[in-house]
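**Student:** Chains as they are written, first to last, in the numbering used here: chain W, 115 to 212; chain Y, 16 to 287.
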């Protein structure tokens, strides 16, 4: 997904989950954007977002069907099996805000 | 009987032969009215397909003029149109494609003072705006007026689209409650956009409109589709109505139109 999406090599916090479970307790099995992954970072939404690189700051997050408030990102814990979707703000072509 | 001429029946024969559309569906298209807000990257393909499909009455809201940097993706305009009003350029192209349709040009910026009057003239609204303040204004107005809205956005190699039916289905604020913090989301001018991504997403918007008018298929209600051209993937996210949504939820805090400030320094509403 390039700079706006999952980039495990960039962060070192994600690895492909495929069908194998996490290798140890320090790892979470997550489904992010429909892909199974192993997450090794701090277990809150903000950290997961930050692990995606700078462009993730303009994503909203939905976990297990619930859209989160941006102000809650740091306080929402991630749990094994969570399904996480990043919902990206996409404005348009304005050269500047009119 | 259908009110279609021999020439129209021939022109729309590939529609009419579809059993799901038929002459009745084509008549519905001719009787329909659609407003496209923005004649830019998304609006260009949407307008072209709505015109070609024979949507009888199409409105365009656009106050900008054609710029040379638009032509990489805004395919309704040509090099000869640079410097001309986009609404006029788009309208002329549409009428060249299909002289049987009526096109209104609204060469003005949408505000909380004029949006109700303009959207009231049309049955379905297509959002092809280029900034967040107008995007939220359009969403809120369509929810309040119970209008069908096909919402979309593009950036870099990505696009998103969701269809909204007035206050009955999830709206844009159900997913994106508030505009992004100032300065966090670049525009296409700052971050770039692959031109054909606008074509994909704008064409999906036109597809949704044609489905809504004819009653064919299942609109993208309560779902959000994200398109990633980089990997050529579509990712669908279920997006049911959010009871906490400030404009369509159970305890609504936005009951009048809000116009967010356009400055980069502040996104606070200028008035309630």
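Note that beta-carbon positions come from the ideal geometry of N, C-alpha and C, so glycine has one too.
Of all the CB atoms in chain W, is at least one closer than 8 Å to the CB of residue 113 of chain Y?
**Tutor:** no
**Student:** Does the distance from the CB of residue 105 of chain Y to the CB of residue 91 of chain Y come in under 8 Å?
**Tutor:** yes
**Student:** Using C-beta distances below 7 Å, list every residue in its chain close to residue 235 of chain Y, excluding the 5 sequence neighbours before and after it, in chain order.
**Tutor:** 176, 177, 178, 223
**Student:** Determine, using beta carbons only, whether residue 187 of chain Y and residue 49 of chain Y come nearer to each other than 8 Å.
**Tutor:** Against a cut-off of 8 Å, the Cβ pair of residue 49 of chain Y and residue 187 of chain Y comes out as no contact.
**Student:** In chain order, what residues of the same chain lie with their CB nearer than 6 Å to the CB of residue 60 of chain Y, ignoring the 5 residues before and after it?
**Tutor:** Closer than 6 Å at the Cβ level, and outside the excluded window around residue 60 of chain Y, lie 214, 217, 218.
**Student:** Quick one: is residue 148 of chain W near chain Y, going by C-beta distance under 8 Å?
**Tutor:** For residue 148 of chain W, the answer is yes, since a Cβ of chain Y falls inside 8 Å of its Cβ.
**Student:** Would you decide whether residue 267 of chain Y is buried or exposed? Buried here means 16 or more other CB atoms lie within 10 Å of its CB.
**Tutor:** exposed
**Student:** Are residue 44 of chain Y and residue 67 of chain Y touching if we call contact CB-CB under 8 Å?
**Tutor:** no
**Student:** Less than 8 Å between the beta carbons of residue 340 of chain Y and residue 160 of chain Y, yes or no?
**Tutor:** The structure shown does not extend to residue 340 of chain Y, since chain Y spans only 16 to 287, so no value can be given for it.
**Student:** Taking C-beta pairs closer than 9 Å, name the residues in chain W that residue 168 of chain Y reaches, listed in chain order.
**Tutor:** 202, 203, 204, 205, 206
**Student:** Report yes if the C-beta of residue 81 of chain Y is less than 7 Å from at least one heavy atom of the ligand ATP; otherwise report no.
**Tutor:** No copy of the ligand ATP appears in this structure; indeed no ligand is present at all.
**Student:** Please list the residues of the segment 145-164 of chain Y that have a C-beta atom closer than 9 Å to any C-beta atom in chain W, keeping them in chain order.
**Tutor:** 145, 146, 147, 148, 149, 150
**Student:** Give me the Cα-Cα distance between residue 58 of chain Y and residue 203 of chain W, rounded to the nearest whole angstrom.
**Tutor:** 18 Å
**Student:** Between Y/53, Y/20, Y/52, which lies nearest to residue 41 of chain Y when the distance is taken from Cα to Cα?
**Tutor:** It is Y/20.
**Student:** Please list the partners that residue 174 of chain Y has in chain W, where partner means a Cβ-to-Cβ separation under 9 Å.
**Tutor:** 204
**Student:** Would you say residue 116 of chain Y lies against chain W (beta-carbon separation less than 8 Å)?
**Tutor:** With 8 Å as the cut-off, residue 116 of chain Y does not count as an interface residue toward chain W.
**Student:** Pull up the distance between the alpha-carbon of residue 262 of chain Y and that of residue 165 of chain Y, whole angstroms please.
**Tutor:** 17 Å
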